[in-house]
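*Asks:* Positions 432 to 534 (this note's numbering) are the ones given, in order, by the sequence shown.
Take a look at the following structure, please.
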Amino acid sequence: MAAFAEPNLQHVLRLARDVAVRRETAARAYVQYHPERIAIVVAGNGRVQRCYRSLSFPAIVRAVGSPVPVHSLYHSSPHLPNIAGDMQGSELGLTAVYGLREC
């Protein structure tokens, strides 16, 4: 994880490619072993589908299955297959969220 100093979804995609695993498998490992407190939220069709967070990350306010907040960047950006999208700030009522769109 030393090569991934700053949290970035491109690191998850690179890790998945280099280790030949699914992106969500790489995402789970990334949040577990990255030194920063991070979470990855998988969203699709306007709903939170899965959340992966480090043990030190605060509990996620939005439950799986709940709608992504209306004012979220999720709703103002294109949802292209196989493209990672960053959601940072108070997207789900958190201080920092890094999200992967469902692909």
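Cβ atoms here follow ideal geometry from the backbone N, Cα and C, with glycine treated the same way.
The model shown is predicted, which means the values in this text are computed figures rather than measured ones.
Where Ala494 and Val443 are concerned, what is the direct C-alpha to C-alpha distance, given to the nearest angstrom?
*Replies:* 23 Å
*Asks:* Along the chain, where does the beta strand (DSSP E) that runs through Arg481 open and close?
*Replies:* Arg478 to Arg484
*Asks:* Closest to Pro489 by C-alpha separation, out of Phe435, Val450, Val462 and Thr456, would be which residue?
*Replies:* Val462
*Asks:* Which residues share a DSSP beta bridge with Ala470?
*Replies:* Arg484.
*Asks:* Could you check what DSSP says for Arg445 in three-state terms: helix, strand or coil?
*Replies:* helix
*Asks:* From Glu467 to Pro438, what does the alpha carbon distance come to, in whole angstroms?
*Replies:* Looking at the two C-alpha atoms, the distance is approximately 7 Å.
*Asks:* Please name the residue in Ser497, Ser507, Pro500 and Ala460 whose C-alpha comes closest to that of Arg428.
*Replies:* The question about residue 428 has no answer here: the residues shown for the chain are numbered 432 through 534.
*Asks:* Helix, strand or coil for His506? Go by DSSP, reduced to three states.
*Replies:* helix
*Asks:* Should Leu486 be labelled buried (16 or more other beta-carbon atoms within 10 Å of its own) or exposed?
*Replies:* So Leu486 ends up on the exposed side.
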